[in-house]
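2 protein chains.
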Amino acid sequence: MTNGNFKKPSTRNQKKQAILDAAEKIFAEYGFKGATTQMIADFAGIPKANLHYYFPTKEALYSQVVQNIFDIWLEAADSFDQNMDPAIALASYINKKMEISRAHPNGSKVWANEVMHGAPIIQDYLETTLKEWTTSREAVIQSWIDEGRMDKIDPKHLLYMIWATTQHYADFVHQVQTLNDGQPFDDGAWQAATRDVKKIILAGVGLQTGGDDGDH
Amino acid sequence: MTNGNFKKPSTRNQKKQAILDAAEKIFAEYGFKGATTQMIADFAGIPKANLHYYFPTKEALYSQVVQNIFDIWLEAADSFDQNMDPAIALASYINKKMEISRAHPNGSKVWANEVMHGAPIIQDYLETTLKEWTTSREAVIQSWIDEGRMDKIDPKHLLYMIWATTQHYADFVHQVQTLNDGQPFDDGAWQAATRDVKKIILAGVGLQTGGDDGDH
DNA sequence: GTCTATAGAATGATAGAC
DNA sequence: GTCTATCATTCTATAGAC
C-alpha cells in the first residue's frame, strides 16, 4: 500500500503529455470552441472523463498548450546579441524560426488563433515577457543601425516581418501546400524557402549574405 | 397590395449587408464555432430568427463573409503587370495590401482562420482562382528576374513574404498594439510601417526605392 | 417580413461505481 | 486512478402567431 506512489513514477507526466500533444493538434485544427474534449480524448486514446481528471477544465488544458508554444518561441529568442555580427545573428534567428514552423506548425497555429481572438488567455505574457524581449531586441538592432552596420529602419517592423514570414509557412501551410500542387514541402523546398527568406530580409536591411549564414 | 414590392427596393440588400458586417466582426473575434448567431443578430440589431430568414444557416452566412474577403484580396491583385517597372509594381501592391489590412482587419482575420483550419469552406477558391492568379504573377516576377531587372529568388517566396507581412498588421493587430504600448497605430505609424515594409522587400530583391513608390 | 417560444442536438463537466 | 452514465447548459434552427 505505502509503496504505491513509487510505481510508474512518470506515468502521470507521460499521460499529461499525450493529452497535451493531442490537444495541440485538435485546438490548431478546430479552434478553442470548435475543438471538443471528446475529440481530444479520442485522439489521445483515453476516455473523456479521464482527460478531465488530469485537466479539470477545457480552458486549463488550452492554457497549458498556449504556454508550451510560447516557451518554444522563446527558445529561438536568444539568437542574437549585441556583440554578434548582425548578418549572422539575423540569419540564425530566421533559421531557428523556420525550423520551428516546420517542427511545430500546430503550436504556431494555436498561438495565431489566440492572438487573433484578442489573446484572452495569454494577454499577460504579451504585456510582460514578449514586451520585454521585443524591447531588448529592438535596442540591439537599433545599436547596429547607429553603428552604421545595417540600413536605417524601425527595428520593430523588421521583427514583425521575420515573425510574419517564418510563421506563414506554419499558419498557412494548407494554402502553401495547395499552391504547391497539393504537395507538402520536402527538404529541398524548406531549404529553398529558408534561403530566400534570409536573402530578401538580409539584403533588405543592407546585409549581404555570404557563405556563412549563421547555421547551427 | 400589388405595389408592395416597389417599396424600399434596397431594404433587403441593406439588411443583408448589415448582417454581413456584423458577422465579419463576430466571426473574426470568436471564430466560426465561437461566434453565435445570437451575437451576430444582437450586433446587427435584429432578432435572431430574422437573421435566419436572410441567411438560412450559420454556415451560409460565414461562407458569404469569406467570399467577400476573397473579392477584396483580388481587387489588389492586378497591381502589377509584366510591362510595368518591377519596383513600381511591387510598391503599389504592398501599398494596397497595407491599406486593406488597415481598412479590413476583420476580413483578413476571418480568412486567416479559414485557411488555418484547412479551408473547409473555400478550398475550391484556393485551388482555382488563387492558384491561377498566383501562377500568373509568379510568371511576371520570373520574367523580371530573367531580364536581369531584379535579383534571383523563387517568386513564390516573395509573394508569401508580401502576404504574410502585410496581413500581419491585420491578423496580429492585437499583438502589434500591445507592443505599441497598448495604442493602435495612428496615421504616422501606418505610413512608417508601409515605408519600412516596402524598403526591406524592394531592397531585398535588388530594387532600390526612389521617390516614386507606386503610390496611387 | 418579423418575432416569440421552443424543439432538438451537442457539449462541458461530474457523480459515483470499480 | 479509471470509466460509465448522466446532468445542466448552450446553441442552431424552426414552427407558427402576427
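Protein chains in written order, with UniProt numbering: chain A, 1 to 216; chain B, 1 to 216. Backbone N, C-alpha and C fix where the C-beta goes; we use that ideal spot for every residue, glycine too. All of these numbers come straight from a predicted model, not from anything done at the bench.
{"Item": "Burial state of residue 101(B), where buried means 16 or more other Cβ atoms lie within 10 Å", "Value": "buried"}
{"Item": "Residue 25(B) at chain A interface by Cβ criterion, 8 Å", "Value": "no"}
{"Item": "Residue 149(B) (DSSP reduced to helix, strand or coil)", "Value": "coil"}
{"Item": "Spatial neighbours of residue 96(B) in its chain, beta-carbon cut-off 7 Å, leaving aside the 5 residues before and after", "Value": "76 and 79"}
{"Item": "Which of helix, strand or coil DSSP assigns to residue 92(A)", "Value": "helix"}
{"Item": "Exposure label - residue 198(B); buried when at least 16 CB within 10 Å", "Value": "buried"}
{"Item": "Residues that residue 116(A) contacts on chain B, provided the C-beta gap is smaller than 8 Å", "Value": "28, 109, 112, 113, 171, 172 and 174"}
{"Item": "Own chain residues within Cβ distance below 6 Å of residue 111(B), not counting five before or after", "Value": "69"}
{"Item": "Residue-chain proximity (residue 160(B), chain A), Cβ-Cβ < 8 Å", "Value": "yes"}
{"Item": "Sub-8 Å separation of residue 41(A) and residue 51(A) beta-carbons", "Value": "yes"}
{"Item": "Cut-off 8 Å between Cβ atoms - residues of its own chain near residue 176(A), not counting five sequence neighbours on either side", "Value": "168, 169 and 185"}
{"Item": "Whole-angstrom C-beta distance between residue 207(B) and residue 86(B), which should lie under 8 Å", "Value": "6 Å"}
{"Item": "Interface positions of the stretch 179-198 of chain A facing chain B (Cβ-Cβ less than 7 Å), listed along the chain", "Value": "179, 192, 193, 196 and 197"}
{"Item": "Own chain residues within Cβ distance below 7 Å of residue 171(A), not counting five before or after", "Value": "108, 109 and 112"}
{"Item": "Minimum Cβ-Cβ distance from residue 165(A) to chain B less than 8 Å", "Value": "yes"}
{"Item": "Alpha helix (DSSP H) segments (min. 4 residues) lying fully within the UniProt domain \"HTH tetR-type\" (13-73) of chain B", "Value": "37-44 and 48-54"}
{"Item": "Stretch pair the stretch 122-129 of chain A + the stretch 125-132 of chain B: three plus CB contacts closer than 8 Å", "Value": "no"}
{"Item": "Nonlocal neighbours in the same chain, by C-beta distance under 7 Å from residue 141(B), ignoring five residues either side", "Value": "155 and 158"}
{"Item": "Cβ of residue 16(A) within 8 Å of any chain B Cβ", "Value": "no"}
{"Item": "Proximity of residue 173(A) and residue 114(A) at Cβ, strictly below 8 Å", "Value": "no"}
{"Item": "Residues, ordered as in the chain, of the stretch 117-141 of chain A that lie near chain B by beta-carbon distance below 8 Å", "Value": "117, 118, 119, 123, 126, 127, 130, 131 and 134"}
{"Item": "Residue 25(B) classed as buried or exposed, judged by whether at least 16 other C-beta atoms fall within 10 angstroms", "Value": "buried"}
{"Item": "Beta-carbon proximity list for residue 202(B), same chain, < 8 Å, skipping 5 on both sides", "Value": "87, 90, 91, 208 and 209"}
{"Item": "Straight-line gap, residue 20(A) to residue 119(A) (C-alpha atoms, nearest Å)", "Value": "20 Å"}
{"Item": "Min CB distance residue 96(B) to chain A below 8 Å", "Value": "no"}
{"Item": "Residue 145(A) and residue 94(A) closer than 8 Å at C-beta", "Value": "no"}
{"Item": "Environment of residue 13(B) [buried if 16+ CB atoms lie within 10 Å]", "Value": "exposed"}
{"Item": "C-alpha distance - residue 105(A) paired with residue 194(B), whole-angstrom precision", "Value": "28 Å"}
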